[in-house]
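**Student:**
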Amino acid sequence: MKMPEKFDVLVHNGLVDEVVTQLMSGKEAEVYVVRSMGELRCAKVYKDVDNRSFSKQTRYQEGRRTKNSRQARAMGKHTKFGRKEQEDAWQNAEVDALQRLAAAGVRVPQIFNYIEGVLLMELVVDEQGKSAPRLNDVRLTADQAREYHSFMIRQIVLMLCGGLVHGDLSEYNVLIGRNGLVIIDLPQAIDAAGNNNAASILMRDVANMTAYFGRFAPELLATDYGREIWKLYSTGVLTPETVLTGRFEQSGGPADVRGVLRDVEDAQRYHERTLLKTSA
Ligand SMILES: Nc1ncnc2c1ncn2[C@@H]1O[C@H](COP(=O)(O)OP(=O)(O)OP(=O)(O)O)[C@@H](O)[C@H]1O
Ligand SMILES: [Mg+2]
Numbered sequence: 004m005k006m007p008e009k010f011d012v013l014v015h016n017g018l019v020d021e022v023v024t025q026l027m028s029g030k031e032a033e034v035y036v037v038r039s040m041g042e043l044r045c046a047k048v049y050k051d052v053d054n055r056s057f058s059k060q061t062r063y064q065e066g067r068r069t070k071n072s073r074q075a076r077a078m079g080k081h082t083k084f085g086r087k088e089q090e091d092a093w094q095n096a097e098v099d100a101l102q103r104l105a106a107a108g109v110r111v112p113q114i115f116n117y118i119e120g121v122l123l124m125e126l127v128v129d130e131q132g133k134s135a136p137r138l139n140d141v142r143l144t145a146d147q148a149r150e151y152h153s154f155m156i157r158q159i160v161l162m163l164c165g166g167l168v169h170g171d172l173s174e175y176n177v178l179i180g181r182n183g184l185v186i187i188d189l190p191q192a193i194d195a196a197g198n199n200n201a202a203s204i205l206m207r208d209v210a211n212m213t214a215y216f217g218r219f220a221p222e223l224l225a226t227d228y229g230r231e232i233w234k235l236y237s238t239g240v241l242t243p244e245t246v247l248t249g250r251f252e253q254s255g256g257p258a259d260v261r262g263v264l265r266d267v268e269d270a271q272r273y274h275e276r277t278l279l280k281t282s283a
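What the sequence shown shows, in this note's numbering, is residues 4 to 283, in sequence order.
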């Protein structure tokens, strides 16, 4: 297929030989299968800043470290330079998150390179060597759903122990690779310790996974891993080995009405986003 312009630098550097096919064009990126150094790899090409929504980013970027004070000042201003810096930070955030999560033992695609807005990474494949389906593309048996759910809860714990919350975890952002599930799509990953919304975002991630796997194994719908995990994390006792119960005992204190309302708003926003995505 015709080589998109964004690949020029990678071709020039011998990193991409051929574009095999385009996997998809989403709101934030275009994803391609490319031939690179004799292997099939995945190239994620980020869209330019003007084609993306910014409102979402401010909320997610809270607590995120910037490279330097010049960048931080520029990002605070709505100048052209500020937007460019913000765009770079957003794009690099996915690279940073992928690296941090790999180091924390989370199953994410391996990174090979990131140049000029193009992320070159492992192509997650199925048994036939084709690009892997998303959870959303398959039907599961109840046993598979239970097994995958427990794997994903463990991955969420590993992410949090690595300091991050995915922030957009759903059946659209988990691939079924030939060796198991692989988590993708991390530009919005948030800093668990520095972001005031971290608790509700983590709980939404867990709720999305539970709702999806609960379609195939309904007893999962009665679990509450989200609050259990956050409680352990916020009291400093969560480790990758912590044994979870899936239950959360109410403290008996006053109800957190504002917190519940915030979660409802979050869920609405998420739902709108999903609708946008499916109608795109
Ligand atoms: N490493 C990979 N290996 C195989 N397929 C991939 C890989 N990364 C992404 N894909 C495919 O490309 C699709 C889009 O990727 P991703 O979710 O990262 O981009 P996005 O633009 O943020 O998408 P969206 O807005 O739909 O969430 C995925 O749903 C998946 O099918
Ligand atoms: Mg996605």
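Beta carbons are placed, not taken as given, at the ideal position from N, Cα and C, and that holds for glycine.
1. Considering only residues of the same chain and omitting the five flanking positions on each side of ALA210, which have a CB-CB separation below 7 Å?
2. Once the 5 residues before and after LEU126 are set aside, which same chain residues still bring their CB inside 7 Å of it?
3. According to DSSP, is ILE186 helix, strand or coil?
4. Given that a residue counts as buried once 16 or more other Cβ atoms are within 10 Å of its Cβ, and exposed if not, what is LEU167?
5. Do SER153 and TYR215 have their C-beta atoms within less than 9 Å of each other?
6. Are the Cβ atoms of ASN139 and TYR175 separated by less than 9 Å?
7. In chain order, what residues of the same chain have a beta carbon less than 6 Å from the beta carbon of PHE10, not counting five sequence neighbours either side?
8. Tell me whether ASP208, by its Cβ, gets closer than 8 Å to a heavy atom of ligand 2.
9. Does ligand 2 have a heavy atom nearer than 8 Å to the CB of TYR175?
10. Going by DSSP, which residues form a beta bridge with ALA46?
11. Quick check on MET124: buried or exposed, where buried means 16 or more other Cβ atoms within 10 Å of its Cβ?
12. Would you mind stating whether ARG110 and GLY29 have Cβ atoms separated by less than 9 Å?
13. Run the proximity test for GLY29: is its beta-carbon closer than 8 Å to any non-hydrogen atom belonging to ligand 2?
14. Is GLY272 helix, strand or coil when you go by DSSP?
15. Once DSSP output is grouped into helix, strand and coil, what is the label at GLN131?
16. Please report the residue range of the alpha helix (DSSP H) in which TYR151 lies.
**Tutor:** So, from the data block:
1. Position 207 of the sequence shown, counting from 1, holds the residue named residue 210. Hits under 7 Å: GLY229.
2. Residue mapping note: residue 126 aligns to position 123 of the sequence shown, counting from 1. Excluding sequence neighbours, LEU126 sits near VAL36, LEU43, ARG44, CYS45 and SER134.
3. Indexing the sequence shown from 1 puts residue 186 at position 183. Looking at ILE186 - three-state DSSP - the assignment turns out to be strand.
4. What you label residue 167 is simply residue 164 of the sequence shown in a count that begins at 1. Buried, since its Cβ has 16 or more Cβ neighbours within 10 Å.
5. Taking the first residue of the sequence shown as position 1, residue 153 is located at position 150. Taking the first residue of the sequence shown as position 1, residue 215 is located at position 212. No. Outside cutoff.
6. By 1-based counting over the sequence shown, the position of residue 139 is 136. By 1-based counting over the sequence shown, the position of residue 175 is 172. Yes.
7. Numbered from its first residue, the sequence shown carries residue 10 at position 7. Excluding residues within five positions, the ones whose Cβ falls inside 6 Å are VAL19.
8. Sequence index remark: in the sequence shown, residue 208 carries index 205 (1-based). Checking the Cβ of ASP208 against ligand 2 gives no.
9. As a first step, residue 175 is located in the sequence shown; it is residue number 172 there, counting from the start. Checking every heavy atom of ligand 2 against the Cβ of TYR175, one is found closer than 8 Å.
10. Residue numbering aside, residue 46 sits at position 43 when the sequence shown is read from its first letter. Looking at the DSSP assignment, ALA46 forms a beta bridge with TYR35 and LEU123.
11. Working through the sequence shown from its first residue, we reach residue 124 at position 121. That one is buried.
12. Sequence index remark: in the sequence shown, residue 110 carries index 107 (1-based). Sequence index remark: in the sequence shown, residue 29 carries index 26 (1-based). Contact: no.
13. The residue labelled residue 29 in the question sits at position 26 within the sequence shown. Checking every heavy atom of ligand 2 against the Cβ of GLY29, one is found closer than 8 Å.
14. Numbered from its first residue, the sequence shown carries residue 272 at position 269. The displayed chain sequence assigns Arg, not Gly, to residue 272. Helix, per DSSP.
15. Here residue 131 refers to the residue found at position 128 of the sequence shown. DSSP places GLN131 in coil when its eight states are reduced to three.
16. What you label residue 151 is simply residue 148 of the sequence shown in a count that begins at 1. First-last of the alpha helix (DSSP H) with TYR151: 145 to 164.
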